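In terms of my numbering, the sequence shown opens at residue 137 and continues consecutively.
Where a beta carbon is used, it is the ideal one built from N, C-alpha and C, also for glycine.
Since the structure is predicted, the reported quantities are computational estimates derived from the model, not experimental observations.
Have a look at the structure below, then the notes.
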Amino acid sequence: MSAAGFAIVSGAAIEGILLGQHHQVIDVITNAYQLHGQGHSVNPDSYFLRFAQKPDARIIALPAYLAGDVDTAGLKWISSFPGNIQHNLQRASAVLILNNFATGYPRALLEASLISAHRTAASAALGAGALTHGSRSVRKIGIIGAGVIARQTLDYLFADGWSAKEIAIHDLRAQDADRFAQWVNEKGGQAAYAVDDARASCEHAQLIVLATTAASPYLIEPGLFAHAPTVLNISLRDIDPALILAAQNVLDDVDHCLKANTSPHLAEIKTGNRAFVAGTLHDVLTQRLLPDPDRARIFSPFGLGVLDIALGNFVLKAARANGAAVEIDNFFASTARW
Ligand SMILES: NC(=O)c1ccc[n+]([C@@H]2O[C@H](COP(=O)([O-])OP(=O)(O)OC[C@H]3O[C@@H](n4cnc5c(N)ncnc54)[C@H](O)[C@@H]3O)[C@@H](O)[C@H]2O)c1
């Protein structure tokens with residue numbers, strides 16, 4: 137047994153690899169949820185590094201192992217510095233280390249903000265499809281938070297067959313909502329427009345995407361989701377616990393999601409129990425849980441490290457196959473013990 141080489145895969149290479157691969161990525165993410173749901177994974181709590189002098193910033197470590205055909209361990213190390221957007225710099229930046237499960241040796245380092253955004257968007261599209269009855273051609277999609285994740289999510293929704301006559305976008309930064317609307321309108325097919333408040337984005341929308349950086353709930357109006365939309369609660373902390381309690385709640389992983397002051401976590405604190413959790417996305421995908429058409433269906437994905445491992449593994453294989461991985465000779469100078 138020897139340590140196989142070590143490669144670096146750049147964001148530029150990954151952009152090329154993932155271009156137009158929405159369906160393959162959704163398949164990779166579906167497979168990861170299935171393996172995780174069947175217990176073929178190790179996905180401990182994420183570790184949050186925070187800073188007293190930068191209270192809104194954090195760097196999160198997500199270690200994980202995914203078995204089955206992936207059989208890879210690794211670690212995503214992802215920064216969130218929300219102040220970056222004032223300088224037209226993306227909030228999140230990340231690397232992913234993949235380890236060889238036969239020897240434990242790190243085998244690759246990948247740029248991971250793209251991997252993270254794609255796996256998040258693919259997971260959201262998967263959740264939207266699983267939780268929605270009927271047609272994916274809807275009258276209105278509401279989007280709150282006009283950033284990188286919302287853009288990637290809409291891209292995956294379109295690729296997965298969703299369309300809307302109107303798309304109403306709200307962001308605290310009006311210029312970002314305008315720019316987002318312009319980006320959608322350039323694609324053609326639907327009328328996208330910016331709205332001044334969150335309510336205008338949500339009302340009458342069959343599908344609502346939450347992708348803000350809000351630290352605490354601002355969607356507090358009773359009845360805001362009374363029209364039973366599917367809500368993709370990607371940013372996790374936007375929704376008042378009372379709205380959570382009135383909805384059918386589907387999580388990616390119950391223990392993970394009921395932490396860190398997410399809206400479902402606040403609902404657990406408020407009620408002292410988890411009875412409001414209907415189940416996991418895996419339960420819906422395996423039809424052990426059926427979506428409830430009469431209530432809002434809220435999908436809250438905490439974001440599992442196993443998804444990054446699965447997509448990172450897919451990307452690394454593709455990069456090695458097309459020569460886009462930069463192999464680093466002698467990264468481990470000598471691996472022989474004697
Ligand atoms: N659940 C997951 O797996 C997962 C994965 C990746 C990212 N995320 C989360 O998605 C969110 C969005 O990430 P991003 O990279 O697009 O960030 P971003 O900074 O690019 O965009 C966020 C946008 O939200 C806006 N915003 C903040 N508070 C708002 C509010 N109260 N109302 C309306 N708009 C508001 C900001 O002005 C900004 O334009 C983050 O919270 C991030 O942690 C979740």
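On the criterion of 16 or more Cβ atoms from any shown chain inside 10 Å, does residue i qualify as buried, or is it exposed?
{"i": "glutamine 342", "result": "buried"}
{"i": "threonine 407", "result": "exposed"}
{"i": "glutamate 322", "result": "exposed"}
{"i": "leucine 155", "result": "exposed"}
{"i": "glutamine 288", "result": "buried"}
{"i": "arginine 402", "result": "In the sequence under discussion, the amino acid at residue 402 is leucine, which differs from the arginine named in the question. It is buried - the Cβ of leucine 402 has at least 16 other Cβ atoms within 10 Å."}
{"i": "arginine 243", "result": "buried"}
{"i": "histidine 158", "result": "buried"}
{"i": "alanine 351", "result": "exposed"}
{"i": "isoleucine 344", "result": "buried"}
{"i": "threonine 239", "result": "exposed"}
Go ahead and pull the three-state DSSP assignment for residue i.
{"i": "valine 331", "result": "coil"}
{"i": "leucine 343", "result": "strand"}
{"i": "phenylalanine 316", "result": "helix"}
{"i": "leucine 211", "result": "strand"}
{"i": "glutamate 322", "result": "helix"}
{"i": "leucine 387", "result": "strand"}
{"i": "leucine 146", "result": "Per the sequence shown, the amino acid found at residue 146 is serine instead of leucine. Three-state DSSP puts serine 146 in coil, outside helix and strand."}
{"i": "leucine 394", "result": "coil"}
{"i": "histidine 363", "result": "coil"}
{"i": "serine 252", "result": "helix"}
{"i": "tyrosine 241", "result": "coil"}
Is the beta carbon of residue i sitting closer than 8 Å to the one on residue j?
{"i": "aspartate 374", "j": "leucine 346", "result": "yes"}
{"i": "aspartate 376", "j": "leucine 355", "result": "yes"}
{"i": "valine 413", "j": "proline 400", "result": "yes"}
{"i": "phenylalanine 258", "j": "valine 161", "result": "The sequence given here places alanine at residue 258; phenylalanine does not occur at that position. Cβ atoms of alanine 258 and valine 161: closer than 8 Å."}
{"i": "arginine 227", "j": "glycine 281", "result": "no"}
{"i": "arginine 275", "j": "serine 299", "result": "no"}
{"i": "leucine 211", "j": "leucine 171", "result": "no"}
{"i": "alanine 264", "j": "threonine 366", "result": "yes"}
{"i": "leucine 372", "j": "alanine 266", "result": "no"}
{"i": "phenylalanine 468", "j": "tyrosine 241", "result": "yes"}
{"i": "glutamate 247", "j": "glycine 152", "result": "no"}
{"i": "asparagine 369", "j": "phenylalanine 435", "result": "yes"}
{"i": "valine 320", "j": "leucine 360", "result": "no"}
{"i": "histidine 418", "j": "glycine 173", "result": "yes"}
{"i": "serine 337", "j": "isoleucine 380", "result": "no"}
{"i": "arginine 255", "j": "leucine 394", "result": "no"}
{"i": "isoleucine 303", "j": "alanine 313", "result": "no"}
{"i": "alanine 188", "j": "phenylalanine 217", "result": "no"}
So residue i and residue j are in contact, right, with Cβ under 8 Å, and what is the actual spacing, rounded?
{"i": "alanine 472", "j": "arginine 433", "result": "About 56 Å separates the two Cβ atoms, so there is no contact after all."}
{"i": "isoleucine 233", "j": "isoleucine 214", "result": "With 8 Å as the limit, isoleucine 233 and isoleucine 214 do not qualify as a contact, their Cβ atoms being about 12 Å apart."}
{"i": "glycine 441", "j": "leucine 245", "result": "16 Å between Cβ atoms; not a contact."}
{"i": "alanine 253", "j": "isoleucine 285", "result": "6 Å"}
{"i": "alanine 143", "j": "glutamate 463", "result": "5 Å"}
{"i": "valine 206", "j": "isoleucine 445", "result": "6 Å"}
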